[in-house]
Amino acid sequence: MTGIQSSNIIIPRDQNKVFAVPAKGKPMSAKDFQEKFILKEGRAKHYVDFDTCPGEFTPRPNSLNSKAIEFVHDGPFGLYGRNPTYHRNH
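Just so we're aligned, residue 145 is where the sequence shown starts under this note's numbering, counting upward by one.
Spelled out as C-alpha cells, the structure:
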C-alpha cells in the first residue's frame with residue numbers, strides 16, 4: 145500500500161493485470177471478499193478507491209468462482225487525477 149501511495153501507480157503482479165470491483169454501497173469485509181474471490185487469507189486487507197472512465201477495465205468471470213465478476217486492466221495503472229483514497233479492510 146505504501147508503494148502505491150508514494151508512486152500513485154498500481155503495479156500489477158498476478159497475470160500482469162490490475163484487478164478491480166465496482167464500488168457499490170458499503171465495502172465488503174476482508175473475509176467476505178476473500179471468500180467471494182477465493183483469495184488466500186490476508187490478500188484483501190487493503191484496498192484503494194479511485195475514479196475510472198468507461199472502458200478502462202474489462203469485466204470477466206473470476207477464474208476460481210465464475211459467479212463473481214471482476215474487472216481487469218492490463219499493465220500498470222496510474223492514479224493521478226483519479227482521487228485515490230487508501231483503506232485498511234477489517
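For each residue, glycine too, the CB sits at the ideal point set by N, CA and C.
Since the model is a prediction, treat every value here as computed from it, not as a measurement.
With residue i as the anchor, note down where its beta strand (DSSP E) starts and where it stops.
i	result
F215	213-218
F163	161-164
P198	Element bounds for P198: n/a, residue is neither H nor E.
Taking the CB atoms as reference points, tell me whether residue i and residue j lie closer together than 8 Å.
i	j	result
N152	Y224	yes
H231	D193	yes
A188	N233	yes
F215	T229	no
Alpha carbons only, please: which of the options is nearest the one belonging to residue i?
i	options	result
G181	E200, S210, F221	It should be noted that the sequence gives Phe, not Gly, for residue 181. Among E200, S210, F221, the Cα nearest to that of F181 is on S210.
S207	A174, L183, I148	L183
P156	S150, V165, P205, G222	G222
G219	Q149, I154, S150	I154
Going by the DSSP bridge assignment, what does residue i pair with across the sheet?
i	result
T229	D193
F221	I154
Between which two residues does the alpha helix (DSSP H) containing residue i stretch?
i	result
I148	146-151
E179	174-181
Going by beta carbon distance, what residues of the same chain come within less than 8 Å of residue i, once the five residues before and after it are set aside?
i	result
R204	I213, E214, F215, V216
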